[in-house]
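In the order they appear, the protein sequences are chains A, B, C and D.
When we follow the working numbering, the leftmost residue of the first sequence carries the number 1, and every step to the right adds one.
When we follow the working numbering, the leftmost residue of the second sequence carries the number 1, and every step to the right adds one.
When we follow the working numbering, the leftmost residue of the third sequence carries the number 1, and every step to the right adds one.
When we follow the working numbering, the leftmost residue of the fourth sequence carries the number 1, and every step to the right adds one.
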Amino acid sequence: MSNKSKHQDGMSLISKTISSFMTALIALFGFYIAFYGHLTPGGGFAGGVIIAAAFILLTLSHSKKVSLKKFPDIIASLLDNFGALSFVALGLLGFLSGAFFMNFVQKGKAFTLLSSGTILLANIAIMIKVMAGLFAIFVGLSIFGRIVAEGEKGDMR
Amino acid sequence: MITFFTIMLSATCFFCLFRVIGGPTPPDRTVAIDVLGIVVVGFSAIMALITGHDYFLNIGISWALLSFIGTMALAKYLEGRGFDE
Amino acid sequence: MSELSTAAAVFISIGVAFDLIGGLGLIRLPDIYNRLQAATKCVTLGTCFILIGVLIQFGFTSIGVKAILCLAFILMTSPTAAHAISKGSHDFGIKLWEGSVVDKLAEDKSKE
Amino acid sequence: MMKKMLFHFLMLFGVWLLFTWTLEIPDVIAGVIVSLILAVLLNSIFDGEVTSLLNPVKLFWAIIYIPVFFYHMMVANLDVAYRVLNPGLPIKPGIVKVKTKLKSDLGKTTLANSITLTPGTLTVDIKGEYLYIHWINVLSDNVEEATKEIVDKFEKYIVRFYG
């Protein structure tokens, strides 16, 4: 790690330029997969994984400085809890129509976005949870791996 | 006709797997994995052709994007640097 | 499945043939950089041809439009991935094949 | 700044419409919300130079570039296929250095990716205005001659839309 200062942050210019386009497109595709989970294969988990992968690409190609400015780890941990809580709240709201996780929203026209009642909301809650959780896991593992390798202590950022 | 396409693509996949198993160095394996990712997109296009459902191309798009991210991660590992710097 | 039109069949056959040639190149060529040459170029073009065949078969329906998007993503990502692997393997210390003529990058690296 | 964000938003929204391929009101509203979030969040890393394509003359040259590029790509693949299928394996590889006149990041990236997808050439590294290119059949290791052989046929088009 002695020649660390010689390196620029992140990967080469080409990777940076292309991933600055691709990050937004990949995240958009993840939202598409999560929102249409009731019509096509996929759903909240797969969409959340793809959105987290977009931010992982940003971390790889630029550096942790850039991606943690866009998606701070504090926000990630808050969103993680928020996703889990909103999923449980959705289940409890099912008691409005009789049972745990019962549908309480009007069903719309078939084969459109709003045709699934609470499934869409549940997918969004799972998406938020998985997205924040996976990104936090990636950042955490990359930090801990380096601490063990170098014997660094204290500086968690 | 479809059978012919499928056999040819399977042969390509086997060539890639040969390189994944027998590649002498880590970069060889990385190349083979990257190529395998693109061939799978071709497979999902063939599946969309057979069934006429559009969600097979969703699978293809997500496979292409995630295999790109995986390749970038492996390339950064080959450069000998941490994933987050 | 509806009947496969002739133009789509021709395009897909060309694409599949290019894929196979790419796979053969991956086996036959001697070192990592040459393999990247054969593999990324031939397989990318082959998959593009398959997707164009799908577009011709279905026209501008939801399948055809997704084929166009897939094509655009592949054309953007695949050369970038190839570049990243080749830079990574040069940094990893993989030497060129012994029949190679010149390596300006290694010369410039050793000068620094 | 606003122009860049608007361009980013419209690009994402267009891709969303292509993904869903429907014009139902809830789907379109969801698309607007998602694209707005992503455009505002990721605006600062987005390369603002793409907005030069809003100029019709530059857009015209960018569209002209696509068939040129596909022609070179086809030639490249037939060339590589010939080399792979020939039992004698007629290759003479090496890494050469070429120089580009392009200044912008996006122009350099377009050039490098075009080079990677065409005749027996692969961009290995990029440092300032020099590109290091792995060439499957080295004709000359001189910087000027290699530049003339590899770069010029793309550069004269790219310089007109990305400077």
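C-beta: ideal position from N, C-alpha, C; glycine also.
- Message: Using only the alpha-carbon positions, how far apart do Asn3/A and Thr23/A sit?
- Response: Since pLDDT at Asn3/A reaches only 40, below the 50 mark, its modelled position is unreliable, and the value read off the structure follows with that caveat. In a straight line, the C-alpha of Asn3/A is about 29 Å away from that of Thr23/A.
- Query: Within the 7 Å Cβ cut-off, does Thr17/A reach chain D?
  - Reply: yes
- Rounded straight-line distance, which links the Cα of Ser110/C to that of Ser62/C: 53 Å
- Query: Is any beta-carbon of chain D found at less than 7 Å from that of Ser116/A?
  - Reply: no
- With 7 Å set as the bound, which would you pick, yes or no: does the beta-carbon of Thr116/D sit closer than that to a beta-carbon of chain C? yes
- Message: To test your reading of the DSSP string, which unbroken beta strand (DSSP E) runs of 3 or more residues are found completely within the stretch 99-141 of chain D?
- Response: 121-127, 130-135
- Task: Could you work out which residues of chain C lie near Leu18/D, taking near to mean beta carbons separated by less than 7 Å?
- Result: Val65, Leu69
- Using 8 Å as the threshold, is the stretch 151-161 of chain D in touch with the stretch 35-49 of chain D, meaning 3 or more CB pairs across them? no
- Query: Cβ of Asp103/C less than 7 Å from any chain B Cβ?
  - Reply: no
- Partner residues on chain B for Leu60/A, Cβ-Cβ distance less than 7 Å: Met72, Ala73, Lys76, Phe83
- Compare the C-beta of Ala62/D against all C-beta atoms of chain F and say whether one is closer than 7 Å. In summary, chain F is missing from the structure at hand, where the protein chains are A, B, C and D.
- Flag this pair as yes or no: are the beta carbons of Leu57/B and Lys66/C separated by less than 7 Å? yes
- Start and end of the alpha helix (DSSP H) containing Gly83/A? 73-93
- Message: Assuming the contact rule is C-beta atoms closer than 8 Å, Ile27/C and Arg19/B should be a hit. Round their C-beta distance to whole Å, please.
- Response: 7 Å
- Any chain C beta carbon closer than 7 Å to Ala146/D: no
- Query: So what does DSSP say about Lys6/A, is it helix, strand or coil?
  - Reply: Reliability fails at Lys6/A, whose pLDDT of 43 lies under 50, so the model's placement of it is uncertain and the value that follows must be treated cautiously. If DSSP states are grouped into helix, strand and coil, Lys6/A belongs with the helices.
- Item | Inter-stretch contact (C-beta, 8 Å, three-pair minimum) for the stretch 132-142 of chain D and the stretch 92-102 of chain D | yes
- Query: For Thr123/D, which residues of its own chain have a beta-carbon under 7 Å away from its beta-carbon, when the five flanking residues on both sides are left out?
  - Reply: Ala112, Ile115, Thr116, Leu131, Ile133
- Item | Close beta carbons around Lys6/A, own chain, < 7 Å, minus the five adjacent residues each side | Because Lys6/A carries a pLDDT of 43, less than 50, the predicted location of this residue cannot be relied on, and no value is offered for it.
- Of all the options Phe21/A, Val105/A, Phe100/A, Phe35/A, which has the alpha carbon lying nearest to the alpha carbon of Ala72/C? Phe21/A
- Rounded straight-line distance, which links the Cα of Ser140/D to that of Ser44/B: 42 Å
- Kindly identify the DSSP beta-bridge partner or partners of Gly113/C. The structure shown does not extend to residue 113/C, since chain C spans only 1 to 112, so no value can be given for it.
- For Lys109/A, the first and last residue of its enclosing alpha helix (DSSP H): Careful: Lys109/A lies outside any alpha helix (DSSP H) and carries neither H nor E.
- Where DSSP assigns a beta bridge to Gly94/D, which residues make up the other side? Trp135/D
- Query: When the Cβ atoms of the stretch 110-124 of chain A are set against those of the stretch 7-16 of chain B, are three or more pairs found closer than 8 Å?
  - Reply: no
- Applying a beta-carbon distance threshold of less than 9 Å, which residues of chain A neighbour Ala76/D? Per Cβ cutoff of 9 Å: no residues; Ala76/D is ~19 Å from chain A at best.
- Other residues of its chain near Ile26/A: CB distance less than 8 Å, five sequence neighbours each side excluded: Ile50, Ile51, Ala53, Ala54, Leu57
- Message: For Ser20/A, would you say it is in contact with chain D, using Cβ-to-Cβ distances shorter than 7 Å as the test?
- Response: yes
- Item | Beta carbon proximity, His83/C to chain A, threshold 7 Å | yes
- Message: Restricting to Cα atoms, I'd like to know which of Val10/C, Thr6/C, Thr80/C, Arg35/C is closest to Val207/D.
- Response: With chain D represented from 1 up to 163, any question about residue 207/D goes unanswered, as that position is not in the structure.
- Query: Looking at chain D, which residues of the stretch 95-127 of chain A have a Cβ within less than 8 Å of any of its Cβ atoms?
  - Reply: Gly108, Lys109, Thr112, Leu113, Leu114
- Item | Cβ shell of Leu38/D (< 7 Å), same chain only, five flanking positions each side left out | Leu12
- Where the alpha helix (DSSP H) containing Leu28/A begins and where it ends: 13-35
- CA-CA distance, Gln57/C and Leu4/C? 7 Å
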